[in-house]
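In our numbering, the protein residues as written are 8 to 492.
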Amino acid sequence: MRFVDDFADDVLAARAERDAIDARPPAGPDLPTALAELLDDFRRRRHPLPAAPARLASARRGEPFPSTSYLARLLGYPVHRLDEARPRQMIAEAADDVGVNTDCPLAHAPQGRLEGRPWLERISYYDVARMERLLLVSCWIVNAYLSGLRDSEIKHLKRGCLSVQQASDGHVYRHRLASLAFKGEDVHGAEATWIVTAPVARAIAVLERFQPQDQPYLLAPAPSTRRRSTFPVPNSNTTNKDIAFLISWITAYCDDRRRPDGIPLERGRLPRLTTRQFRRTLAWFIARRPGGAIAGALQYRHQYIQMFEGDAGTSDSGFRDEVEAEQALARGQLLAELSADEDRPTLAGPAGAEAEARLAEFARHTVFDGQVVTDEARLRRIVARHDPHVYLGTFVTCVYNPDRALCRSPEASADQPVLADCQPQACRNAALTSDNRQALADHLLRLEDTLAAGDRLAPYVRHRLEEQHRATAAFLTRHTPEIAE
Ligand code: SF4
């Protein structure tokens, strides 16, 4: 996202400068005179001469030496024409006067910032193609990880694929992405739309600036790196290599600057990521919203709401099914662990006894000799066949029975509770784990703190909070599990 949000302008500016250098016409008919003027310009500006690549310098015992090929580009001549003019003496004298740089820096000064400082001091002419590759794969990753599109679906994104819905005050409340969805065996794909979040929209905007106007495919390789191919976009193998290239670039960048936010090693090596992992990882995180990092939990909830609870839901590509399957598996793993735990307090609440009965039945399929089934494929099958329909929430555990549910809206599926509309204190499907009881007790304390500063509350708000406090306290008292003597 830093490439998309903070570095893209610099990469595009550097590319424009490189392209302008490549398009220069010859600087006058007399090459030696043009070279003398160019070298004088370096002297006037006290700028060191551009250097040949470091690998060539190392062949000369590490001494940097001027790059004649880059000087030729600046003059708008092919390098062999410059060589024919026998420029060595002239260039050596200029190098004695102003020195030699470490590369061929462009004039553009990077503006992107990391902790208030430029992310790069300069961009070398010969680094632009690498930067283009890094920017392109960064946009691919933002798309893949934050939208759930498959690689093939991303590769079919075209200019103009993003549309937005705006409120009357101009605020954009929805971003919609159009592409082809490839589900199952259909190799031709079907037109589909996805609801995506703002970072994805920003990556699309960068891609539209990245591609020339006559290139419809947003993921086409940069013109400077394009190979002859029947396909306008790279295949998955090439994208995998680009991902690996980005990982090693980030690692080298962080190592050079002793930054702690590099990419963590996996079993002592840099991770090898493939295009297939991003969609699955997003589904995994949305389903589990792993604890600990509150910000992470909120982010993925936000992501989920934006992608699936808009009026259009999201595409035919099956990502919603994939997330729901992952949610069912995550729930199955939690319930299997809960049912195997013989030392836990029993569930309280109106549906506590039923919860225990369902967990005991689930344990018959998932717990053997005290060990929970860990094989994911097997657990998926068990959940599909023997789902206990117990849903663990923060404040309540829902022991779902559609006939008694108070949360079902007419459009909602009867298969599942709508936890966002839960009415735990009134619904006979509610049960309480010890974690639920703790969360409710913490909530009571927070209410008490707020009410203690009650002078500052409006009377209506104060009244509502007092009601909530009274009802929550009564609910907890009513459903305190009895301690065995
Ligand atoms: S109201 Fe709450 S407890 Fe009742 S069915 Fe809905 S989610 Fe479950």
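Glycine residues also receive a C-beta, built at the ideal position from the N, C-alpha and C atoms.
Would residue i pass as an interface residue toward chain C - the criterion being a Cβ-Cβ separation below 8 Å?
| i | result |
| --- | --- |
| Leu142 | Among the protein chains of the structure shown there is no chain C, as only one such chain exists. |
For a test of the three-state rule: what should DSSP assign to residue i, helix, strand or coil?
| i | result |
| --- | --- |
| Phe238 | coil |
| Ala300 | Model confidence at Ala300 stands at a pLDDT of 42, short of 50, so the residue's coordinates are unreliable; what they give is reported in the following sentence. It is coil, neither helix nor strand. |
| Arg264 | coil |
| Phe375 | strand |
| Arg407 | Rather than Arg, the amino acid found at residue 407 in this sequence is Tyr. Three-state DSSP puts Tyr407 in coil, outside helix and strand. |
| Ala21 | helix |
| Glu474 | helix |
| Val86 | helix |
| Thr487 | coil |
| Leu277 | coil |
| Pro112 | strand |
| Arg120 | strand |
| Ala433 | coil |
| Leu439 | strand |
| Ala319 | Caution is warranted here: a pLDDT of 48 is assigned to Ala319, below 50, making its placement in the model unreliable, and the coordinate value is therefore given only provisionally. Coil. |
| Leu56 | strand |
| Ala227 | coil |
| Ala355 | strand |
| Arg9 | helix |
| Glu492 | Since pLDDT at Glu492 reaches only 45, below the 50 mark, its modelled position is unreliable, and no value is offered. |
Which one of the options has the shortest CA to CA distance from residue i?
| i | options | result |
| --- | --- | --- |
| Asp110 | Ala347, Arg287, Ser76 and Arg276 | Ser76 |
| Leu345 | Gln378, Glu329, Gln334 and Gln310 | Gln378 |
| Arg279 | Arg287, Arg286 and Ile270 | Ile270 |
| His163 | Arg124, Cys429 and Val240 | Val240 |
| Glu139 | Asp249, Asn436, Ala437 and Arg295 | Asp249 |
| Asp13 | Pro125, Phe369 and Pro71 | Pro125 |
| Gln475 | Ala294, Leu342, Leu458 and Ile148 | Leu458 |
| Asp37 | Asp350, Arg50, Tyr84 and Arg51 | Tyr84 |
| Glu329 | Glu368, Arg387 and Gln340 | Arg387 |
| His178 | Ala205, Ala446 and Ala185 | Ala205 |
| Asp26 | Ala174, Asp456, Phe49 and Pro230 | Pro230 |
| Ala335 | Ala384, Ala21, Val390 and Thr282 | Val390 |
| Val207 | Arg9, Glu473, Ala427 and Gly461 | Arg9 |
| Gln284 | Glu122, Ala151, His54 and Thr381 | Ala151 |
| Pro53 | Ile211, Ala367, Asn108 and Glu91 | With the sequence shown as reference, residue 53 is identified as Arg, and Pro is not the correct amino acid for it. Closest option to Arg53, Cα to Cα, is Asn108. |
| Glu368 | Asp268, Ala343, Leu483 and Asp221 | Ala343 |
| Pro55 | Pro112, Ser243, Gly325 and Asp221 | Pro112 |
| Pro352 | Tyr224, Ile254, Glu100 and Arg444 | Arg444 |
| Arg371 | Ala347, Val149 and Cys261 | Ala347 |
| Glu91 | Leu289, Glu100 and Ala79 | Ala79 |
| Gln340 | Glu473, Arg274 and Thr381 | Thr381 |
| Pro33 | Val11, Val86 and Phe49 | Val86 |
| Gly196 | Leu464, Ser324, Glu24 and Cys429 | Ser324 |
| Asp376 | Glu349, Val11 and Leu121 | Glu349 |
| Val105 | Leu81, Asp48 and Glu160 | Asp48 |
| Leu253 | Ala412, Glu331, Met314 and Trp147 | Trp147 |
| Pro395 | Val403, Asn408 and Glu383 | Asn408 |
| Ala199 | Arg183, Ala212 and Leu214 | Arg183 |
| Leu289 | Thr258, Ala259, Arg327 and Asp262 | Arg327 |
What are the boundary residues of the alpha helix (DSSP H) that includes residue i?
| i | result |
| --- | --- |
| Ile161 | Asp158 to Lys162 |
| Tyr77 | Thr75 to Leu82 |
| Trp126 | Per DSSP, Trp126 belongs to no alpha helix (DSSP H) and is neither H nor E. |
| Phe402 | Element bounds for Phe402: n/a, residue is neither H nor E. |
| Val105 | Arg95 to Val105 |
| Phe292 | Gln284 to Arg295 |
| His393 | Glu383 to His393 |
| Ala43 | Leu38 to Arg52 |
Looking at the secondary structure, which residues open and close the beta strand (DSSP E) in which residue i lies?
| i | result |
| --- | --- |
| Val203 | Ala197 to Val203 |
| Leu413 | Note, Leu413: premise wrong, no beta strand (DSSP E); not H, not E. |
| Leu336 | Per DSSP, Leu336 belongs to no beta strand (DSSP E); it is in the alpha helix (DSSP H), Phe326 to Ala347. |
| Val397 | Val397 to Leu399 |
Spell out a yes or no on whether the stretch 150-162 and the stretch 39-58 are touching, meaning 3 or more CB-CB pairs, one atom from each, closer than 8 Å. no
Between the stretch 49-62 and the stretch 165-183, do at least 3 Cβ pairs fall closer than 8 Å? no
Segment contact, 8 Å Cβ cut-off, at least three pairs: the stretch 16-24 with the stretch 106-121: yes
Taking only runs that begin and end inside the stretch 134-191, name each unbroken beta strand (DSSP E) of 3 or more residues, in chain order. 169-173 and 179-188
Kindly confirm or deny that the stretch 129-149 and the stretch 87-106 touch, where touching means at least three C-beta pairs closer than 8 Å. no
Do the stretch 420-435 and the stretch 448-460 touch if we need at least three Cβ pairs shorter than 8 Å? no
Determine contact between the stretch 439-446 and the stretch 354-362, defined as no fewer than three beta-carbon pairs at a distance below 8 Å. yes
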